[in-house]
Amino acid sequence: MAINRYRLKHLVKEKNRSARRVTKLLERTDRLLGVILIGNNFTHTLATAIATVIAIRIWSESAVLAVTVFMTIIMIIFAEVMPKTIAALKPESIAFPASYFLKPLSKILSPLVTLVTLVSNGITKLIGINLNDAENEELKPEELRTLLQTSRVPKRQENMLMGIFDMDSLSVNDVMIAKNEIEGINIKDDIEDIVKNLNALRYTYIPLYKDTIDNISGFISSNKKADFLSLDKPSKTSLKTFIE
731 MAINRYRLKH
741 LVKEKNRSAR
751 RVTKLLERTD
761 RLLGVILIGN
771 NFTHTLATAI
781 ATVIAIRIWS
791 ESAVLAVTVF
801 MTIIMIIFAE
811 VMPKTIAALK
821 PESIAFPASY
831 FLKPLSKILS
841 PLVTLVTLVS
851 NGITKLIGIN
861 LNDAENEELK
871 PEELRTLLQT
881 SRVPKRQENM
891 LMGIFDMDSL
901 SVNDVMIAKN
911 EIEGINIKDD
921 IEDIVKNLNA
931 LRYTYIPLYK
941 DTIDNISGFI
951 SSNKKADFLS
961 LDKPSKTSLK
971 TFIE
């Protein structure tokens, strides 16, 4: 149950057979839980019964209580706590192999599971719980934020994705640059000043203009700027070939 449903959907798209099998089982979590609990209870009861019979034959009926306590501790550790802890930490490594057994087992135990599920679902409806609520529940933005923060997405990509959620609170003033603050290169300047200003500006694209910023001639990218500055003798004529 702890398996990441979004990763599971991705694996299904990648045509992973184990993921498809697990997804099919999770379509009816009530039936899946029924199969698991019936199997668990049957195993626990059978193991305790066998241990009790062996204890009576070796010792006497006075050993029944001790065996019951011992088997309870063993079952709690090895059949409850350990498997569930491992499954919580490594859900895929447990769910995928387990699906091989759970799928045929759900068919074998189908009559009993159906009966148990009907009774269980009937009782939950009587107390006002709708089983379809969990299936129809949508992921909220706050939950998606938490999902991103707990994922292994690189920090840079995480910040970019987080920024999407904040876009609705942004205004034009938050992202635009006032015209009087725009930095660029006046191509009417001397080539020495142009080279100096190009070295000083650290933008991806730098506007090139004639006399005033209102008269834009084009842009030069950071890559083309580096190519231009690497020339032996940069000139205004050669600069024109780098303008976009």
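Just so you know, the sequence shown maps onto residues 731 to 974 in the working numbering.
For glycine and all other residues, C-beta sits at the position ideal for the given N, C-alpha and C.
On a predicted model such as this, the values are computed, not experimentally measured, just so you know.
Buried/exposed call for F972, threshold 16 Cβ in 10 Å: One-based indexing of the sequence shown puts residue 972 at position 242. Classification for F972: buried.
For Y935, three-class secondary structure by DSSP: Taking the sequence shown and counting its residues from 1, one reaches residue 935 at position 205. The answer is strand: DSSP assigns Y935 an E or B state.
M906 burial status per 10 Å Cβ neighbour count (16 or more: buried): Counted from its first residue, the sequence shown places residue 906 at position 176. Under this definition M906 is an exposed residue.
Inter-residue spacing [alpha-carbon to alpha-carbon] between E974 and D962: Residue mapping note: residue 974 aligns to position 244 of the sequence shown, counting from 1. Residue mapping note: residue 962 aligns to position 232 of the sequence shown, counting from 1. Straight-line Cα distance between these residues: approximately 22 Å.
Whether L763 touches L756 by CB criterion (8 Å): Walking along the sequence shown from the start, residue 763 turns up at place 33. Walking along the sequence shown from the start, residue 756 turns up at place 26. Their beta carbons are not under 8 Å apart, which means L763 does not touch L756 by this criterion.
Integer-rounded CB distance, given that S947 should sit under 8 Å from Y935: Locating residue 935 in the sequence shown gives position 205, where the first residue counts as 1. Locating residue 947 in the sequence shown gives position 217, where the first residue counts as 1. Contact flag wrong, Cβ pair sits at about 13 Å.
Per DSSP, the bridge partner or partners of F949: Taking the sequence shown and counting its residues from 1, the one referred to as residue 949 is at position 219. In DSSP, F949 forms a bridge with P937.
Cα-Cα separation, G769 to L874: The residue you call residue 769 lines up with position 39 of the sequence shown. The residue you call residue 874 lines up with position 144 of the sequence shown. Whole-angstrom Cα-Cα distance: 35 Å.
S951 beta carbon less than 8 Å from that of F826: Position 96 of the sequence shown, counted from the first residue, corresponds to residue 826. Position 221 of the sequence shown, counted from the first residue, corresponds to residue 951. No.
Minimum length 4: unbroken alpha helix (DSSP H) runs contained in the region 737-799: 747-756 and 759-788
N687, DSSP secondary structure in three states: Lying outside 731 to 974, the shown extent of the chain, residue 687 is not represented and no answer is given.
Bridge partners - E915, DSSP secondary structure assignment: Your numbering for residue 915 matches position 185 in the sequence shown. Looking at the sequence shown, residue 915 is not Glu but Ile. For I915, which the question treats as bridged, DSSP gives the partners L938.
CB contact flag (L877, I924, <8 Å): As a first step, residue 877 is located in the sequence shown; it is residue number 147 there, counting from the start. As a first step, residue 924 is located in the sequence shown; it is residue number 194 there, counting from the start. Contact flag unset, no.
The region 793-804 contacting the region 765-781, beta-carbon criterion three pairs below 8 Å: yes
Secondary structure of R875, DSSP reduced to three states: Residue 875 sits at position 145 when you count from the first residue of the sequence shown. The answer is helix: DSSP assigns R875 an H, G or I state.
Simplified DSSP assignment, three categories, for R735: Here residue 735 refers to the residue found at position 5 of the sequence shown. It is helical.
Where the alpha helix (DSSP H) containing E922 begins and where it ends: Taking the sequence shown and counting its residues from 1, one reaches residue 922 at position 192. Unbroken alpha helix (DSSP H) run through E922: I921 to A930.
Identity of the residue in N927, T942 and N945 nearest F958 by Cα: Within the sequence shown, the letter at position 228 stands for residue 958. Checked all of N927, T942 and N945; the closest Cα to F958 is N927.
Reduced DSSP category for L891 - H, G, I as helix; E, B as strand; rest coil: For the purposes of this step, residue 891 is taken as the residue at position 161 of the sequence shown. DSSP places L891 in helix when its eight states are reduced to three.
Beta-carbon gap between L891 and E913 smaller than 8 Å: Looking up residue 891 in the sequence shown gives position 161. Looking up residue 913 in the sequence shown gives position 183. Cβ atoms of L891 and E913: not closer than 8 Å.
Rounded separation between P821 and T753 - CA only: By 1-based counting over the sequence shown, the position of residue 821 is 91. By 1-based counting over the sequence shown, the position of residue 753 is 23. Using only the alpha carbons, I get a separation of about 13 Å.
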